[in-house]
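Working notes for the structure below.
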Amino acid sequence: MKTTTYLPAVTGLALCATGALAETPVLQIMTYDSFVTEWGPGPAVEAAFEEVCACDLQFVGAGDGAALLARLQLEGPRTDADIVLGLDTNLTAAARETGLFAPHGVTADLDLPIAWDDAEFLPFDWGYFAFVAAAGTDSPGSLKALAESDTQIVIQDPRSSTPGLGLLMWVKAAYGDEAPAIWDALADNIVTVTPGWSEAYGMFLEGEADAVLSYTTSPAYHLIAEEDASKTAWGFDEGHYMQVEVAGKVAGTDQPELADQFLAFMVSDAFQSVIPTTNWMYPAVTPEGGLPAGFETLLTPEKALLLSAEDAAAVRDAALDEWRTALSQ
Amino acid sequence: MAHGAVAIAPRWPGAATAALVLLLTLGTLAAVGWRAEWSGGVSPADWAAVRFTVWQAILSALISVVLAIPVARALARRRFVGRGLLITLLGAPFLLPVIVAVLGLLAVFGREGIFNSLLAALGLPPLSIFGLHGVVLAHVFFNLPLAIRFILQGWLSIPAERFRLAASLNAPVGRLLEWPMLRATVPGTFLVIFLICLTSFAVALTMGGGPRATTVELAIYQALRFDFDLGRAALLACIQFGLCVLAALLAWRLAGRDVTGAGLDRVVQRWDTSHAWADYLMIAAAALFLLVPLAMVVARGLPGLAEMPVSIWAAALRSVLVAIGAAVLCVGMALALALRGGVLSSIIGVLPLATSGLVVGTGAFLIVFPFVRPSDLALVVTMLVNATLALPFALRSIAPAAEQISRDYGRLAASLDMRGWGWLRLVVLPRMRRPLGFAAGLAAALSMGDLGVVALFAGEAEETLPLAMYRLMGAYRMEAAASAGLLLLAISLALFWICDRGGRANADL
């Protein structure tokens with residue numbers, strides 16, 4: 117009851133405070149949830165950028181990558197966000213179509229295994245999808261061999277999860293028209309399909325499957341944060357599909373200079389050095405000090421697979437149908 | 247029907263409740279439909295999803311109810327030490343967030359689980375839990391407790407005098423008292439569970455083993471999140487509503503009238519208490535099925551307790567406050583609807599069950615966004631939505647009692663010209679303590695575990711406990727997340743227990 121009584125007074129104070137702070141410009145970044153948590157890159161990035169920008173950096177968390185795009189589409193041109201951070205290449209075609217993004221205008225020397233040329237979306241980190249298993253287990257060697265083996269895996273649903281969509285694209289990029297045959301053969305290996313990454317990874321850790329679809333960098337988390345070397349990522353001959361996570365400037369931003377400043381900051385050391393051990397991905401630009409100890413133990417795929425944003429968007433519906441048909445039998 | 251004899255209670259609270267429920271269910275749906283660019287319709291895959299959804303929901307509800315009847319009967323007939331505690335604990339699965347419960351179930355029925363270890367020890371091949379049977383098993387695990395509670399309430403509503411009379415006449419209790427009570431209770435219970443399973447998404451997908459187990463709710467999720475096809479989402483949500491109305495009409499046709507009559511609230515004494523072993527066997531089996539996975543949740547959560555970040559406690563406090571608010575609101579709404587009575591109130595009362603949480607959240611977002619920052623309203627909207635989503639359960643518990651009170655005491659009250667507040671305070675509330683307490687506890691606990699709307703609205707400062715738990719999982723912190731799950735379980739149960747206990751402080755349940 118006390119709160120109610122004092123509420124007008126508190127609101128008044130808060131309004132005064134807002135008035136006093138009105139000089140400080142606010143940069144609002146819409147991103148996915150795990151970026152802003154206390155274990156994610158958010159807090160360190162905020163502190164580092166606020167040191168140089170004389171501004172107030174605010175994060176708005178919105179589910180995962182797909183939820184992020186949906187949120188932006190819901191808000192439309194009226195959005196308060198100045199920057200959207202955390203889409204991946206499977207989503208950028210749809211994001212571009214909204215017409216809500218402006219060119220980023222940053223030229224940076226990116227350390228991606230592939231060439232990057234996108235006027236609107238700038239990568240901040242990347243990783244390879246991989247099946248993660250207990251250390252000491254032998255990799256089947258390829259998607260095809262996995263499909264022919266009796267190894268039990270748990271994957272995510274491409275209709276509700278970005279890694280799930282990544283695997284769909286992986287099979288499509290590696291096998292093209294033969295993707296349905298691979299899914300047919302994989303069907304009896306798949307223990308279950310989960311709505312999101314967390315459920316799948318949790319089930320794998322509980323021993324429900326031999327391997328889980330995750331990232332080559334997942335073992336680094338266990339190694340560095342938990343000093344536990346019991347996980348490994350399996351290398352596959354077809355190559356590994358990549359996830360490139362990008363940010364874009366919202367065209368209608370009321371802080372265009374700050375947004376530009378942030379995007380330039382995003383590919384600098386101060387931001388990039390935070391990424392490996394908070395987001396557990398590879399930085400888009402390797403920081404001066406190199407990657408943290410432990411990352412050298414990770415699997416480095418020989419071949420990187422990635423469909424362009426346009427190709428990914430073009431094949432998605434057909435690939436989804438193939439996936440659903442193969443796994444529904 | 248409550249208005250059968252005389253209308254004593256004012257009607258406006260019922261109308262206000264109906265308006266709020268309609269706004270949050272059909273209103274949010276309309277908001278989504280309004281923003282939609284209508285293109286394609288419903289695909290064949292969507293119809294396959296509808297078929298699977300209905301089929302698994304029928305199976306889940308049927309098995310839950312069929313199993314619940316003997317357990318409820320056993321609990322109604324027997325008195326033993328720890329009975330109250332057991333009844334509270336049996337309710338726990340229903341209150342758990344999906345992923346916590348699923349991991350608990352897997353610890354028992356999964357590949358490395360207790361069940362398969364037993365099979366292996368006996369030299370038998372392991373059984374896979376994933377498939378339609380897994381979906382049904384998980385749904386029964388979630389909903390059996392609810393079915394037991396609803397049916398048990400039915401048993402306890404039979405006045406002691408009836409049993410005494412039946413005993414003195416040596417009349418068959420089963421046919422004269424229990425069967426009519428079941429006719430009145432079971433169809434509604436079946437309906438509620440059917441509808442819960444109808445909107446299931448994560449359980450069905452995870453336990454179903456793949457896209458065979460696609461439900462309508464998953465199709466809605468896909469339409470909203472990945473395709474941003476608001477039109478298709480709205481259409482699918484309409485199908486869900488249609489199924490809900492159909493099922494509700496069917497359930498009402500089948501439901502018998504409650505004919506137990508008035509009593510003097512004496513402690514029930516039973517004379518038909520042979521075959522105690524059968525009753526205890528039922529109770530033990532139910533307890534084993536429901537409590538072992540729960541024990542696994544506790545076991546999984548204990549090691550990480552120290553690793554839980556401090557922010558968890560702030561999130562937990564926020565969740566408790568939202569839960570209390572939602573519970574008070576929900577019970578008020580349920581009481582208003584129950585006293586208003588009538589078919590319309592009944593329809594309003596089940597409508598929230600058929601809504602897609604995601605459509606409600608999206609619609610509410612669309613309604614709110616033009617005016618205020620959604621995160622400013624995150625906790626208020628969460629409270630309103632949680633209260634509304636819990637309303638069907640509250641109403642199911644409160645409505646029969648309200649109806650009975652009107653029927654049994656309405657004429658007396660009317661002859662004394664006792665109306666409005668006096669009627670509520672002197673007759674209704676004291677006689678409804680038990681269902682009111684149960685409903686408040688259920689609403690509070692359900693609100694604790696709900697992740698639906700808040701995920702779409704909340705910023706950093708509005709994080710609730712389930713959201714914090716999911717964020718921990720997303721950051722690889724599975725141990726800390728398991729502990730957060732344990733905390734959630736403990737708080738939910740405590741809230742439920744306090745309310746429920748308060749409701750039966752002087753009762754014999």
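Heads up: the protein sequence lines correspond to chains A and B, in order. Start counting the first sequence at 117; every next residue gets the next number (our numbering). Start counting the second sequence at 247; every next residue gets the next number (our numbering). Glycine included, every Cβ here is placed at the ideal spot set by N, Cα and C.
Can you tell me where the alpha helix (DSSP H) with residue i in it begins and where it stops?
| i | result |
| --- | --- |
| residue 467(B) | 462-471 |
| residue 570(B) | 557-586 |
| residue 313(A) | 313-321 |
| residue 535(B) | 522-547 |
| residue 693(B) | 679-695 |
| residue 412(B) | 406-415 |
| residue 716(B) | 711-720 |
| residue 442(B) | 425-444 |
| residue 185(A) | 181-191 |
| residue 447(B) | Counting along the chain, residue 447(B) falls outside any alpha helix (DSSP H), and DSSP gives it neither H nor E. |
| residue 487(B) | 476-500 |
| residue 382(A) | 372-382 |
Pull the bridge partners of residue i from the DSSP assignment, please.
| i | result |
| --- | --- |
| residue 364(A) | 200(A), 237(A) |
| residue 244(A) | 358(A) |
| residue 421(A) | 357(A) |
| residue 269(A) | 306(A), 327(A) |
| residue 94(A) | In the structure as shown, chain A starts at 117 and stops at 445, and residue 94(A) therefore has no counterpart that could be examined. |
| residue 93(A) | No answer is possible for residue 93(A): the residues shown for chain A start at 117 and end at 445. |
| residue 145(A) | 175(A), 199(A) |
Which value, in whole angstroms, describes the spacing of the CA atoms of residue i and residue j?
| i | j | result |
| --- | --- | --- |
| residue 249(B) | residue 558(B) | Note that residue 249(B) scores a pLDDT of 43, beneath 50, so its modelled location is shaky; the value from the coordinates is reported in the next line. Looking at the two C-alpha atoms, the distance is approximately 48 Å. |
| residue 382(B) | residue 389(B) | 10 Å |
| residue 280(B) | residue 274(B) | 10 Å |
| residue 258(B) | residue 282(B) | 34 Å |
| residue 304(B) | residue 486(B) | 14 Å |
| residue 137(A) | residue 620(B) | At residue 137(A), the pLDDT of 49 sits below 50, so the modelled position is not reliable and the matter cannot be decided from this model. |
| residue 436(B) | residue 536(B) | 19 Å |
| residue 303(A) | residue 373(B) | 18 Å |
| residue 414(B) | residue 400(B) | 22 Å |
| residue 237(A) | residue 607(B) | 29 Å |
| residue 232(A) | residue 241(A) | 12 Å |
| residue 348(B) | residue 379(B) | 14 Å |
| residue 666(B) | residue 676(B) | 15 Å |
| residue 356(A) | residue 479(B) | 34 Å |
| residue 288(B) | residue 692(B) | 32 Å |
| residue 405(A) | residue 385(A) | 9 Å |
| residue 376(A) | residue 365(A) | 8 Å |
| residue 301(B) | residue 489(B) | 12 Å |
| residue 342(A) | residue 336(A) | 9 Å |
Report the three-state DSSP secondary structure of residue i (helix, strand or coil).
| i | result |
| --- | --- |
| residue 337(A) | helix |
| residue 274(A) | coil |
| residue 173(A) | strand |
| residue 409(A) | coil |
| residue 265(B) | helix |
| residue 249(A) | strand |
| residue 155(A) | coil |
| residue 444(A) | helix |
| residue 621(B) | helix |
| residue 258(B) | helix |
| residue 554(B) | coil |
| residue 286(A) | helix |
State the start and end residues of the unbroken beta strand (DSSP E) segment that holds residue i.
| i | result |
| --- | --- |
| residue 380(B) | Careful: residue 380(B) lies outside any beta strand (DSSP E), inside the alpha helix (DSSP H) at 378-402. |
| residue 349(A) | 347-350 |
Taking C-beta pairs closer than 7 Å, name the residues in chain A that residue i reaches, listed in chain order.
| i | result |
| --- | --- |
| residue 554(B) | None at all; the shortest Cβ gap to chain A is about 12 Å. |
| residue 391(B) | Those within 7 Å of residue 391(B) in chain A number zero; the least Cβ separation is about 23 Å. |
| residue 719(B) | 314, 318 |
| residue 442(B) | None at all; the shortest Cβ gap to chain A is about 17 Å. |
| residue 471(B) | 182, 183, 186, 276 |
| residue 274(B) | Near residue 274(B) there are no residues of chain A at all, since even the closest Cβ is about 13 Å away, more than 7 Å. |
Give the residues of chain B in contact with residue i, contact being defined as C-beta atoms less than 8 Å apart.
| i | result |
| --- | --- |
| residue 156(A) | 721 |
Should residue i be listed as close to the ligand SAH, given that the test is whether its C-beta is under 7 Å from any heavy atom?
| i | result |
| --- | --- |
| residue 429(A) | Absence of the ligand SAH is noted for the structure shown, with no ligands found whatsoever. |
By the criterion of Cβ-Cβ separation under 7 Å, what are the contact partners of residue i in chain B?
| i | result |
| --- | --- |
| residue 306(A) | 456 |
Using a C-beta to C-beta distance shorter than 8 Å, which residues of chain A count as neighbours of residue i?
| i | result |
| --- | --- |
| residue 468(B) | 275, 276 |
Chain-ordered residues of the stretch 289-306 of chain B with a beta carbon less than 7 Å from chain D: Among the protein chains of the structure shown, namely A and B, there is no chain D.
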